Structure formats: structure tokens, C-alpha cells
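Structure, as C-alpha cells:
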Amino acid sequence: MAKRTLPIEVDAAGRTPLGMAPAVFLRDYWQKRPLLIRNAFPGFETPISPEDLAGLACEEAALSRIVMHETGYSGELDQWLLRHGPFPEELFPTLPTQDWTLLVQDVDKWDADVAALLPAFDFLPRWRIDDVMVSFAAPGGSVGAHVDQYDVFLLQGLGHRRWLVDASARPPLEFRTDSELKLLTQFHPTHEWTLGPGDMLYLPPGVPHHGIAEDACLTFSIGMRAPAASELLGDFVDELIEASDESQRYADPDLVAATDPNEIDADAMQRVLVALNALRMNDPDRLGDWFGRFITQYRSAGEAMPATDLPPRIEIEWTLTHGGQLLRHPWTRMAWRRAGRGARLFAGGLSLPMPVRDARRLAAATNVGDALYAGLSQAGRDAVIELLAAGHYQLPSDEAE
Ligand code: SIN
Ligand code: CO
Numbered sequence: 005m006a007k008r009t010l011p012i013e014v015d016a017a018g019r020t021p022l023g024m025a026p027a028v029f030l031r032d033y034w035q036k037r038p039l040l041i042r043n044a045f046p047g048f049e050t051p052i053s054p055e056d057l058a059g060l061a062c063e064e065a066a067l068s069r070i071v072m073h074e075t076g077y078s079g080e081l082d083q084w085l086l087r088h089g090p091f092p093e094e095l096f097p098t099l100p101t102q103d104w105t106l107l108v109q110d111v112d113k114w115d116a117d118v119a120a121l122l123p124a125f126d127f128l129p130r131w132r133i134d135d136v137m138v139s140f141a142a143p144g145g146s147v148g149a150h151v152d153q154y155d156v157f158l159l160q161g162l163g164h165r166r167w168l169v170d171a172s173a174r175p176p177l178e179f180r181t182d183s184e185l186k187l188l189t190q191f192h193p194t195h196e197w198t199l200g201p202g203d204m205l206y207l208p209p210g211v212p213h214h215g216i217a218e219d220a221c222l223t224f225s226i227g228m229r230a231p232a233a234s235e236l237l238g239d240f241v242d243e244l245i246e247a248s249d250e251s252q253r254y255a256d257p258d259l260v261a262a263t264d265p266n267e268i269d270a271d272a273m274q275r276v277l278v279a280l281n282a283l284r285m286n287d288p289d290r291l292g293d294w295f296g297r298f299i300t301q302y303r304s305a306g307e308a309m310p311a312t313d314l315p316p317r318i319e320i321e322w323t324l325t326h327g328g329q330l331l332r333h334p335w336t337r338m339a340w341r342r343a344g345r346g347a348r349l350f351a352g353g354l355s356l357p358m359p360v361r362d363a364r365r366l367a368a369a370t371n372v373g374d375a376l377y378a379g380l381s382q383a384g385r386d387a388v389i390e391l392l393a394a395g396h397y398q399l400p401s402d403e404a405e
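When you read off a place in the sequence shown, starting at 1, and then add 4, the result is the number in the working numbering.
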């Protein structure tokens, strides 16, 4: 069969943000090759202004950075400066007219209009999505040529950014040691595109790229997260150790006289496996329950705090029947999995049993109102109250943390 050459650029013309069916994108591009999608969001209007982004960068709890590139008058310098926020408001008017970028992570947790971009990516598991990072760049602003460890969708929000991408099979990946920014020592772009509002570039992990602001521009990076195998193992093993009982030990009641007392023989290794298996490492429900708790907490820069002076349940339910809504804490991630005859809803590291229908509905809803609550089973309603006590939902009058 003739090998198909896949396009690296498509025009979505507003049909779908990917310019193709999600199944085709996932099969041909996801984690495999970059794709430029023109008109992914036609007529795109930025959900956040540069001024509001700068305002957010002044907040103590927001994760923000400013990257500046100093080249000197005749380009004799090549110095990258990185400053971490929060920034004083007075800083912004003093910044130069070019060559700097302000980047703010997790803007979706602070701004509901930015979070409203996420449903466009519902072809991916939500728990794979890390955040929406928003950058504002003055003309010439860039963070240098680099690679990211995670897949990213770079959606142009305002102005224009020129992206240089090395889509070759084995790009050089050595880092410069003179900057915290992990810039590449060598960068040989194979593609160059200028993106305007509504255009989007998808990059799999490990693809060298460099985006330079052509004019003052805002870029939305919808970034993924994927735990390292070592992180998975470390967390799971910690949990197994915590639940283990020291009396569960390597045991050898079947021992026969050694032919060589210094040999670790095949029977001994079999007993090692028996001792490890006693930890129930390979029990799929145990693994699934741990993973759900792990992944709904993983890489979270903020967390819900248990509620203080919560009104009695009867009052909470009265609030719901009178139009009140419980608002999911912006940092609370939810996911669910089938377990036994029902499901487990995972929320910010908690695991709650309930019917599949309830878990599905709660995981999909950011707010719980009367209709949703009344339609839940007893287990589902109990879980909502438990999640409220743990701070994963907030009563409307509560201050967002
Ligand atoms: C940016 O928005 O300036 C940088 C995003 C990236 O390269 O990942
Ligand atoms: Co990047």
C-alpha cells in the first residue's frame, strides 16, 4: 500500500477546532506529529484582556513569569532574563516596548471565561489537561527555542505570533546552561507559520519550537500533563507501604537444604514474588482507586481547604431547593471510573462510591443545583455533602480561595 503523506497544515474553516474528526486527529497527529490548524476558532475573541492578565500576575497565588530577551543595540547580546511573579502593578508601565513576555499559568482556575475554552477539547480525557496558560508578548517577545515535555495546543488569541517549528524526526535536544529557561543550543526549524486570532498549533511532546510575537499578542496554551512512570510507581508504592503489615514477610516453610548456601535460587525468587503479591499490587480495583485519587491531585498548584462552620445539611438542601448552587472549587479536579457494580467518583484525591449515572453527572458539572442534586441517589447526595465539607464545593456566599 502506498504510504500516505499527511498534511501538516489544515484549514478548519470553523467546522471543528481540529479541522478533522477527533478520531482522525488522534490517530494521525496526537503524540505523533505537529499540526497547524488555521481557523480552528473562527472569529475568536479573547476571553481575557492583556490588562486583566497583568492584573492576575499581581496576585500572590497566581503563578506568573516575565521573560525578557536582551540583544543589545546591534544584536551583540543574547541574554535571557526570567522573573517570577507576583509583580507590582507599577512594573507594567515601566516595561520596554518590545522583547518581553508575561506568562500566567492555570488561568482557567481564575477565569471562568478562559475555563470555557476547555469543552472544545472534550475529545481528550479532562484529567489529561493540565491548564490554560496565557501569555502576553510585546512585539519581538518570545521565550526562546525550547521543547516541552507535554502535548500543547497553542491557540492565538490576539495579534500575531510567528512560530518556528522543527518537525524533523530526531531534532538536537541539548540545552543551554546559561539560563533557567532550558533553551536549546541548536534549533533548525523545518516550518514557519504566522498565526492570527483563532489559529491553533498542536505540538506533541519533544518538538522544538520558538514563537515570536509579530505585534502585541496573546497566546493560549492548552497544556497536557502526563505523570512520569517514576512518579506513578513512587506514589503507588508509598500507598502500598502505608497499608502494609510488617507481619507480611518473605516466608519459606517449603525450604529444602541448600546445595550452595550463597545462591539466591529460583525458589527464593518465587517467594519474593509471593511476598510482593501479598501487597495486592496487581488488584485492578486497588490500582484504579489509587490512580483516580492520584490523578485528581497530580500537579495541582492549588487545593481546596475543608469548610469551616458549614450549616447543617437540612439548610444546605433548603438553599439548593431555593435556587442556590454549590460551586465546584476551581482547583478541584474530578474524574470517575467503573468499580464493582457502580462507580467511584474521584475529586481532589478523594474516592466516593456511587452509581455510574451519578458519578458521570457530578464529574461533568461544575455546579450542583437543585435539579442535579434531586436526581442523585442517596450515595450521590451523601458524596456531595462530603465534598462540600472537604471544600471541593462551595456555597455561593463563600469567598473563592
Ligand atoms: C508562549 O506562549 O510565549 C510560549 C508558549 C510555548 O512555547 O510553549
Ligand atoms: Co513551548
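From the three backbone atoms N, C-alpha and C, an ideal C-beta is built for every residue, glycine too.
Predicted model, so just to flag it, every value in this text is computed and none were measured.
- Relative to the non-hydrogen atoms of the ligand SIN, the Cβ of G344 never comes closer than 7 angstroms to any of them.
- Secondary structure at L244: helix, using DSSP grouped into helix, strand and coil.
- With the rule of 3 Cβ pairs closer than 8 angstroms, the region 63 to 83 counts as touching the region 99 to 115.
- Cβ-Cβ distances below 6 angstroms link R42 to D15, D203 in the same chain, with the five nearest sequence neighbours on each side left out; the list follows chain order.
- Take Q35, set aside five residues on each side of it, and the residues of its chain with a beta-carbon closer than 6 angstroms to its own are P208, in chain order.
- Residue range 156 to 162 is occupied by the beta strand (DSSP E) that includes Q160.
- Counting along the chain, the unbroken alpha helix (DSSP H) around M273 starts and ends at 270 to 281.
- The residues A279, A282, L283, in chain order, have a CB closer than 8 angstroms to that of Q252 in the same chain once the five nearest residues on each side in sequence are set aside.
- In its chain, beyond the 5 residues on either side, L349 have a beta carbon closer than 6 angstroms to the beta carbon of L366.
- P357: member of the beta strand (DSSP E) spanning 354 to 358, first to last residue.
- If you compare the alpha carbons of E184, P143, S68 with that of V136, the shortest gap goes to S68.
- For H73, the distance from the CB to the nearest heavy atom of the ligand CO is not below 7 angstroms.
- Across the set A217, H214, V388, F298, the C-alpha of F298 shows the shortest separation from the C-alpha of D242.
- Ranked by Cα distance from D82, the options A272, L331, V147 are led by V147.
- Per DSSP, the beta-bridge partners of G227 are D135, V156.
- Beyond the five residues adjoining it in sequence on each side, W340 comes within less than 6 angstroms, by CB distance, of A347, L349, A363, A367 in the same chain, given in chain order.
- The three-state reading of DSSP puts T325 in helix, counting H, G and I together.
- Classified as buried, Q329 has 16 or more neighbouring CB atoms from the shown chains inside 10 Å of its CB.
- Spatial neighbours of G296 in its own chain (CB-CB distance under 8 angstroms, excluding positions within 5 residues in sequence) are listed in chain order as A339, W340, R341, R348, F350, S355.
- Between the region 121 to 133 and the region 220 to 232 there are three or more C-beta pairs closer than 8 angstroms, enough to call the two in contact.
- Between L10 and D32, the gap from beta carbon to beta carbon is short of 8 angstroms.
- Distance from the CA atom of A369 to the CA atom of L331, rounded to whole angstroms, is 9 angstroms.
- In this structure, S139 lies away from L40, with their beta-carbon atoms at least 8 angstroms apart.
- Burial state of F179 is exposed, judged by a 10 Å Cβ sphere holding fewer than 16 other Cβ atoms.
- Per the C-alpha coordinates, the member of M285, A119, L162 positioned closest to S248 is M285.
- Straight across, the Cα-Cα distance linking E307 with D112 is about 14 angstroms.
- In this structure, the beta-carbon distance from M358 to A383 falls below 8 angstroms.
- Collapsing the DSSP output to three states places G373 in coil.
- In this structure the region 48 to 55 touches the region 157 to 171; the number of beta carbon pairs closer than 8 angstroms is three or more.
- Taking the Cα positions, G352 is about 10 angstroms away from G395.
- Here DSSP, grouped into helix, strand and coil, assigns I320 to helix.
- Residue range 288 to 299 is occupied by the alpha helix (DSSP H) that includes D289.
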